[in-house]
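Beneath this line is the structure, given in structure tokens, with notes to follow.
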Amino acid sequence: MAEQPQVRTTSQAWESLFRTQVAVMRRMQQLPEFRKLAMREYDVLFNLSNCPTGWTRLNELNEALLISQPSLSRMVERLEAKGLVQRRTAESDQRGIEISLTDKGAELQREIGRVHVRHLHEMLAPLLSEAEFQQLQELTDRMRAGLKERPAR
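Per the UniProt record's numbering, the sequence shown starts with residue 1, numbered consecutively.
Structure follows, in structure tokens:
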């Protein structure tokens, strides 16, 4: 079994990861694709595009986002008014609400996504090797999976 890191090492690694994400997110906010739709709104469309059935409950969507439930509800209302998402009563629980992309929302998500992926690659690819990006993904996937298994204190 691997040796547990020191508290300071854990803290410094987390700060580095967090500060890197902040730097990347600030740079991404300036990209032209986010003039059509705010980055947080795009994130909702992106997450909806990955739903296996095409539909998801609001609380399930909220687990993938860094936004409060009331803020997400208001955002979904705005996206619905723009014709990008649709809501329905949950089939399994009449009290719940499920949301899905409309055709217009799916088309906009794909349009922004194609450009966004290219811009993200142009920004980050020169910084790490292919193997380093694979290692970064393995490490972050492992951390996320471990957090799902362990309850918060």
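Here a beta-carbon is modelled for each residue, glycine too, at the ideal position from N, C-alpha and C.
Remember, predicted model here, so these are calculated numbers, not experimental data.
Checking the sheet assignment: what are the DSSP bridge partners for Q86? S100
Mind reading off the beta-carbon distance from G113 to F46? Whole number of angstroms is fine, and I expect it under 8 Å. 7 Å
If we ignore side chains and look at the alpha-carbon of each, how far apart do E15 and L136 end up? 15 Å
How about L65 and I99: do their beta carbons lie closer than 9 Å? no
Distance CB(G124)-CB(F133) smaller than 9 Å: In the sequence as presented, Gly is not what sits at residue 124; that position holds Leu. Against a cut-off of 9 Å, the Cβ pair of F133 and L124 comes out as a contact.
Relative to the alpha-carbon of E41, which residue among V76, A145, Q4 has its alpha-carbon at the smallest distance? V76
Taking the alpha-carbon of R57 as reference, which of R95, G83, Q21, M28 has the nearest alpha-carbon? R95
Within 10 Å of its beta-carbon, does L139 have 16 or more other beta-carbons around it, so buried, or fewer, so exposed? exposed
Check whether Q109 and S49 have beta carbons under 9 Å apart: yes
Alpha-carbon to alpha-carbon, T20 and L128: 13 Å
Let's test the definition: count the other Cβ atoms within 10 Å of the Cβ of G105 and tell me whether it reaches 16, buried, or not, exposed. buried
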